[in-house]
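Asker: Under this note's numbering, the first residue of the sequence shown carries the number 1100, and numbering increases by one thereafter. For every residue, glycine included, the Cβ atom is placed at its ideal position computed from N, Cα and C. Note that the structure is a prediction, hence the values are computed from the model and not measured. Following this message is one structure expressed as C-alpha cells.
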Amino acid sequence: MVRRKREKDKRPPFGMPKGIVLLATPDGWRHSVLTVEDGMLCGRLSDELLDPEAALAAATTMLKELARDFHDSAVEVTWDPRQEPWTWTGHVVPADGSSSPIGSRLR
1100 MVRRKREKDK
1110 RPPFGMPKGI
1120 VLLATPDGWR
1130 HSVLTVEDGM
1140 LCGRLSDELL
1150 DPEAALAAAT
1160 TMLKELARDF
1170 HDSAVEVTWD
1180 PRQEPWTWTG
1190 HVVPADGSSS
1200 PIGSRLR
C-alpha cells in the first residue's frame, strides 16, 4: 500500500496587512505594506499607472486580494489625507467593521 505524503498547513508567506505607504517616484508607484506581525512587503505597482487615483485604486485592490487569497479575510482600506503630494498612507481594517485585531487568524 502506498502512503500519501501528509501535507502540513502552511503559514502564508507574509502576515496579514495592517497598513500601506504609497509613494510616487520618478520610476513609478512604490508601496510598503506593513503586517500585523511587524513585517514589511515592498514592491511597485504597474508602470502603466500615472494617475494618483488609479494608483490608490490599484493598491486598494492589491491589499484586498492579498488578504482574501492568503488569509481568507475580507478587508477594507481607508486612506489618510495626503500630507505631501507624492505620498499616501492607508489603514487596513476588517470588512465587517469589527474591532477585533486583524490577522488573528492564520492558516
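What does a CB cutoff of less than 8 angstroms around C1141 pick up in its chain, not counting 5 residues either side in sequence?
Answerer: R1129, H1130, S1131 and V1132, listed in sequence order.
Asker: Could you check which residue in L1155, R1167, D1168 and T1160 has the C-alpha nearest to that of R1181?
Answerer: Cα-wise, what sits closest to R1181 is L1155.
Asker: Mind checking W1185: buried by the 16 CB within 10 Å criterion, or exposed?
Answerer: Exposed is the call here.
Asker: Let me make sure I understand the geometry here. Which of T1188, L1144, E1183 and E1175 has the alpha-carbon closest to that of D1195?
Answerer: Comparing Cα-Cα distances from D1195 to each of T1188, L1144, E1183 and E1175, the minimum goes to E1175.
Asker: Jot down the residue ranges of each uninterrupted beta strand (DSSP E) in the stretch 1114 to 1202, minimum 3 residues, whole runs only, in chain order.
Answerer: With a minimum length of 3 residues, the continuous beta strand (DSSP E) runs that stay inside the stretch 1114 to 1202 are 1116 to 1124, 1127 to 1134, 1139 to 1143, 1174 to 1178 and 1186 to 1193.
Asker: With P1116 and L1165 assumed to form a contact (beta carbons below 8 angstroms), what rounded beta-carbon distance in angstroms separates them?
Answerer: That pair is a contact at about 6 angstroms.
Asker: Is there at least one Cβ from chain B nearer than 8 angstroms to A1156's Cβ?
Answerer: Of the protein chains in the structure, only one exists, and it is not chain B.
Asker: Distance check for I1119 and A1173, CA to CA, integer angstroms please.
Answerer: Those two C-alpha atoms are separated by around 16 angstroms.
Asker: With a 10 Å radius around its C-beta and 16 neighbouring C-beta atoms as the bar for buried, classify L1121 as buried or exposed.
Answerer: The residue in question, L1121, is buried, as its Cβ has 16 or more Cβ neighbours within 10 Å.
Asker: Going by Cα to Cα distance, which pick from P1151, M1139 and V1135 is closest to E1183?
Answerer: If we check each option's Cα against that of E1183, P1151 comes out closest.
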